[in-house]
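Note sheet for the following structure.
2 protein chains.
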Amino acid sequence: MSFSFTVITKDHQTSARLGKIRTPHGEVNTPAFMPVGTQATVKSLTPEDLVSVGAEMILCNTYHLYLRPGHELIKTFGGLHRFMHWDHPLLTDSGGYQVYSLSPLRKIKDEGVYFQSHLDGSYHTLSPEKAVEIQESLGADIIMCLDECMPYPSSSDYTRESISRTTHWAERCRKAWKSKTQALFGIIQGGVFPDLREQSAREIVSLDFPGYAVGGLSVGETKAELYEMMDNTLPLIPDNKPRYLMGLGTPQDILEGVKKGADLFDCVIPTRHARNGMLFTGFGSLVIKNAQYADDPRPVDPGCTCYTCRNYSRAYLRHLYMANEILAPRLNTIHNLHYYLNFLKQIRTAIRDSQLNNFAAAFYENQKRIPLQNESTRSLYFPEESTSSLAEAGNEG
Amino acid sequence: MSFSFTVITKDHQTSARLGKIRTPHGEVNTPAFMPVGTQATVKSLTPEDLVSVGAEMILCNTYHLYLRPGHELIKTFGGLHRFMHWDHPLLTDSGGYQVYSLSPLRKIKDEGVYFQSHLDGSYHTLSPEKAVEIQESLGADIIMCLDECMPYPSSSDYTRESISRTTHWAERCRKAWKSKTQALFGIIQGGVFPDLREQSAREIVSLDFPGYAVGGLSVGETKAELYEMMDNTLPLIPDNKPRYLMGLGTPQDILEGVKKGADLFDCVIPTRHARNGMLFTGFGSLVIKNAQYADDPRPVDPGCTCYTCRNYSRAYLRHLYMANEILAPRLNTIHNLHYYLNFLKQIRTAIRDSQLNNFAAAFYENQKRIPLQNESTRSLYFPEESTSSLAEAGNEG
Chain A
748 MSFSFTVITK DHQTSARLGK IRTPHGEVNT PAFMPVGTQA TVKSLTPEDL VSVGAEMILC
808 NTYHLYLRPG HELIKTFGGL HRFMHWDHPL LTDSGGYQVY SLSPLRKIKD EGVYFQSHLD
868 GSYHTLSPEK AVEIQESLGA DIIMCLDECM PYPSSSDYTR ESISRTTHWA ERCRKAWKSK
928 TQALFGIIQG GVFPDLREQS AREIVSLDFP GYAVGGLSVG ETKAELYEMM DNTLPLIPDN
988 KPRYLMGLGT PQDILEGVKK GADLFDCVIP TRHARNGMLF TGFGSLVIKN AQYADDPRPV
1048 DPGCTCYTCR NYSRAYLRHL YMANEILAPR LNTIHNLHYY LNFLKQIRTA IRDSQLNNFA
1108 AAFYENQKRI PLQNESTRSL YFPEESTSSL AEAGNEG
Chain B
748 MSFSFTVITK DHQTSARLGK IRTPHGEVNT PAFMPVGTQA TVKSLTPEDL VSVGAEMILC
808 NTYHLYLRPG HELIKTFGGL HRFMHWDHPL LTDSGGYQVY SLSPLRKIKD EGVYFQSHLD
868 GSYHTLSPEK AVEIQESLGA DIIMCLDECM PYPSSSDYTR ESISRTTHWA ERCRKAWKSK
928 TQALFGIIQG GVFPDLREQS AREIVSLDFP GYAVGGLSVG ETKAELYEMM DNTLPLIPDN
988 KPRYLMGLGT PQDILEGVKK GADLFDCVIP TRHARNGMLF TGFGSLVIKN AQYADDPRPV
1048 DPGCTCYTCR NYSRAYLRHL YMANEILAPR LNTIHNLHYY LNFLKQIRTA IRDSQLNNFA
1108 AAFYENQKRI PLQNESTRSL YFPEESTSSL AEAGNEG
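Top to bottom, those sequences are chains A and B.
Going left to right, the first sequence walks through residues 748 to 1144 as the working numbering numbers them.
Going left to right, the second sequence walks through residues 748 to 1144 as the working numbering numbers them.
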């Protein structure tokens, strides 16, 4: 069984679509959010936990796994699925983003990227061919072309040069791609320049991939720029191919991305925020370490049905957090991922009913209606001047 | 339903007994091992995980919970069971051992112990009455008298003075004890002096408690002294009362304790060793970080049926450990606790069949039969010259 994508129905008032991705390891209902399992583990959770919170596909990071424990080792174990005991759909990125965000030294040349490991300072080369080879060894159901992820801001001249390289690398990845049970996605770049996004989209789409990603967003640009690039780029991806918005984002970003036609999302926000004790609720976020929760018997979100909310009080979660207990990140991660995956489920239901605009209006209204009683119950969901605070929390796990 | 203890059957060749403890939160089959949940959580596991590895009763530490989040807070939540979502039998210690092992400053007086918090340096007093009051607020099914846990070595003169104080404190605890749904256990001390152990046992038993503990062992004494004290003290506890050997120990210590008539055990060895990557197997212990496991596809113990061994390779566990992943302590803890609790289950079966000596012989033979191939597969199970290496890993969670 190989890869396929089907659009099941479309929302009448937005560009949102309900779809289904089929892979050799099962199906994914889209729009979908992928939890990030950087080092072959979604931090603190077992695969069974992930299924219980509603995850259908997860993402692992090629850069990390290439450096440790090594793709060849994982290959001898029959691939990443078996190595990490995850028998469901899986996506690996190309490694390019982490070279950009983590390596203490990197040099981009036309043949590939030279970089130093953040673990031990050793030197490595990542070429388009190597990125495909590593990902074929890992064996994920969806693999990504090597691209250049530019810093924000970058000049239009540099961006023009960069997207040509990204296109050239995509051609080389496509040529190197042998394992046709794995779907190779192309990545559209172009910074915040509409004309360059269009050029990149045209070039990448002309190479005919099973799916397409929009990369290089959520790296520090303003919300206005982010949404403009979504509006500009997503319609250029063929209707019958999945559209993956890489490294996004907040619930609001995801909702807006879905409305503009995106099908796939990944982000470390729910998992990283969980480990930092910031929990998502229907009425904004909650910082569990705050003193006001010390004797609060309520669950994190009284409307939530996750394992954490069904069994533990805010007071207990605060105690675990303050006492630096290992159970804290786990219970918090279960809650935040359940929040995200349930949010996507509600979005899919709204698309099926062609009610996404109403759903979005109710979502924003609900966020507004609850007064922000104090600084600890601030909302994550309103536009910020810049996404720079999320850059750190972006693509990397 | 209040506390009871029944001896079901006895082994014919040793002093071991098969028994059942009944508490308001359910039954415990003895001999039993209690995982340690220091701060109202057995590190890295949920209560459901604990049930799945076979735990029937756990222990929490009064000292830690008194300091953070505070027993009065836990009382307002309906007690520790509800606070931590553990609906099964629970034991709290008196706090005395942690005052001895953790406080940067302590002064023992006849009225109680004055000590400084290891968290913030604040000053506190723990009297017998206070220890009972705190434990009644926590609401465990079994609570412990405040005792003085002496360092090793201590002089016979000091030990004589100390056991008198411990007896006096036990009388005061017994008087202060109001909540009769909680069973208050007396603690026998006496260092490594047989005559003082006897005196302490006589005095504590004369106060008529629902159960008795032997304390002050596994604090640095030799194995010979440890076993001598077990031999000397356990028979002095009435046959119809549960006998709790506090802070023990290695599988061998537990097996020897059972043979000498002990019913209850607790120790941080399986959980702490798990977090340090030392895993128990039927053929000695295994240090998961060792390079030889980097590409080892076998489970930790091919004979083990725990969740970890059913689903993960040594190579994956080593990867998680080396990458400092949160899932590592969890998978390792599941394995080690499963090992311990399954070991106790096998011991109970052997007692039922009156085959404990044969079981013990086979256990030791099995340990011997497997050659120690290298230093990473050394055995934890053979007598060490001193238990001092375990003192650090003793009673404290």
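All C-beta atoms, glycine included, are put in the ideal place defined by N, C-alpha and C.
Is residue i near residue j, with beta carbons less than 8 Å apart?
i	j	result
Arg-1045 (chain B)	Ser-1060 (chain B)	yes
Val-1034 (chain A)	Gly-1024 (chain A)	yes
Phe-750 (chain B)	Ala-930 (chain B)	yes
Met-891 (chain B)	Thr-839 (chain B)	yes
Ser-850 (chain B)	Ala-878 (chain B)	no
Leu-995 (chain A)	Leu-964 (chain A)	yes
Ala-923 (chain A)	Glu-876 (chain A)	yes
His-915 (chain B)	Leu-837 (chain B)	no
Lys-1092 (chain A)	Met-1069 (chain A)	no
Ala-1021 (chain B)	Thr-1080 (chain B)	yes
Val-952 (chain A)	Pro-989 (chain A)	no
Ala-971 (chain A)	Leu-992 (chain A)	no
Tyr-1054 (chain A)	Ser-799 (chain A)	yes
Thr-761 (chain B)	Asn-987 (chain B)	no
Since residue i sits in a beta bridge, which residues does DSSP pair it with?
i	result
Tyr-861 (chain B)	B:Lys-854 and B:Thr-872
Leu-931 (chain A)	A:Ile-890
Lys-1036 (chain A)	None, per the DSSP bridge assignment.
Phe-724 (chain B)	Coverage of chain B is limited to positions 748 through 1144, which leaves residue 724 (chain B) absent and any answer about it impossible.
Val-754 (chain A)	A:Gly-766
Ile-805 (chain A)	A:Leu-837
Might you give, ordered along the chain, the residues of its own chain that have their beta carbon closer than 6 Å to the beta carbon of residue i, omitting 5 neighbours on each side?
i	result
Asn-979 (chain A)	Pro-941 and Arg-944
Glu-1122 (chain B)	In this prediction, Glu-1122 (chain B) scores a pLDDT of 33, lower than 50, which makes its location untrustworthy; the coordinate-derived value is nonetheless stated afterwards. Nothing meets the Cβ criterion.
Trp-833 (chain A)	Pro-794
Ser-864 (chain B)	Leu-814
Phe-1106 (chain B)	Ala-1097
Ala-948 (chain A)	Ile-935, Thr-980 and Leu-983
Gly-801 (chain A)	Leu-1088
Val-1005 (chain B)	Ala-763, Pro-778 and Ile-1094
Arg-921 (chain A)	Leu-954
Ser-926 (chain B)	Glu-883
His-1082 (chain B)	Leu-1026, Val-1047, Cys-1053 and Thr-1055
Note down, in chain order, each residue of its chain lying with its Cβ closer than 7 Å to the Cβ of residue i, except the 5 sequence neighbours on either side.
i	result
Thr-906 (chain B)	Met-897, Gly-937, Gly-938, Phe-940 and Leu-943
His-759 (chain B)	Ser-1101
Ala-1041 (chain B)	Ala-1062 and Arg-1065
Val-846 (chain B)	Tyr-810, Arg-853, Val-860, Phe-862 and Leu-873
Gly-826 (chain A)	Leu-885 and Gly-886
Glu-950 (chain A)	Thr-914
Leu-1074 (chain A)	Leu-1067
Out of curiosity, what's the CA-to-CA distance linking residue i and residue j?
i	j	result
Ile-935 (chain A)	Gly-962 (chain A)	6 Å
His-1066 (chain B)	Leu-885 (chain A)	15 Å
Arg-1077 (chain B)	His-828 (chain A)	20 Å
Ala-1109 (chain B)	Ser-848 (chain B)	36 Å
Ile-805 (chain A)	Asp-904 (chain A)	35 Å
Phe-1149 (chain A)	Glu-774 (chain A)	No statement about residue 1149 (chain A) is possible, as the shown extent of chain A runs from 748 to 1144 and does not include it.
Phe-752 (chain A)	Tyr-1063 (chain A)	44 Å
Thr-1018 (chain B)	Leu-797 (chain A)	24 Å
Cys-1014 (chain A)	Pro-816 (chain A)	23 Å
Gly-958 (chain A)	Leu-820 (chain B)	54 Å
Gln-1120 (chain A)	Thr-788 (chain B)	Since pLDDT at Gln-1120 (chain A) reaches only 41, below the 50 mark, its modelled position is unreliable, and the value read off the structure follows with that caveat. So the alpha carbons of these two residues sit roughly 31 Å apart.
Asp-955 (chain B)	Leu-893 (chain B)	16 Å
Pro-755 (chain A)	Leu-866 (chain B)	Note that residue 755 (chain A) is Ile in the sequence shown here, rather than Pro. Rounded to whole angstroms, Ile-755 (chain A) to Leu-866 (chain B) spans 58 Å at the Cα level.
Glu-1003 (chain A)	Lys-757 (chain A)	15 Å
Lys-790 (chain A)	Leu-973 (chain A)	28 Å
Gln-946 (chain A)	Thr-770 (chain A)	30 Å
Pro-998 (chain B)	Thr-1028 (chain A)	46 Å
Thr-932 (chain B)	Asp-888 (chain B)	This sequence places Phe at residue 932 (chain B); Thr is not what is there. Rounded to whole angstroms, Phe-932 (chain B) to Asp-888 (chain B) spans 11 Å at the Cα level.
Gly-843 (chain A)	His-835 (chain B)	50 Å
Residues in its own chain within less than 8 Å of residue i by CB, not counting five upstream and five downstream?
i	result
Lys-822 (chain B)	Ser-884, Leu-885 and Gly-886
Asp-857 (chain B)	Arg-912 and His-915
Lys-767 (chain A)	Phe-752, Thr-753, Ile-755, Glu-774, Val-775, Asn-776 and Thr-777
In chain order, each beta strand (DSSP E) run of at least 3 residues that lies wholly inside the segment 952-1034 of chain B: The beta strand (DSSP E) runs of length 3 or more contained entirely in the segment 952-1034 of chain B are, from start to end of the chain, 958-961, 990-992, 1011-1013, 1025-1028 and 1031-1034.
Start-end ranges of the beta strand (DSSP E) lying completely within the segment 759-783 of chain B, minimum 3 residues: Fully enclosed beta strand (DSSP E) runs of 3 or longer: 764-770, 773-777 and 779-781.
4 or more residues per run - each alpha helix (DSSP H) lying fully within the segment 1048-1129 of chain B: 1054-1058, 1061-1069, 1074-1099 and 1103-1116
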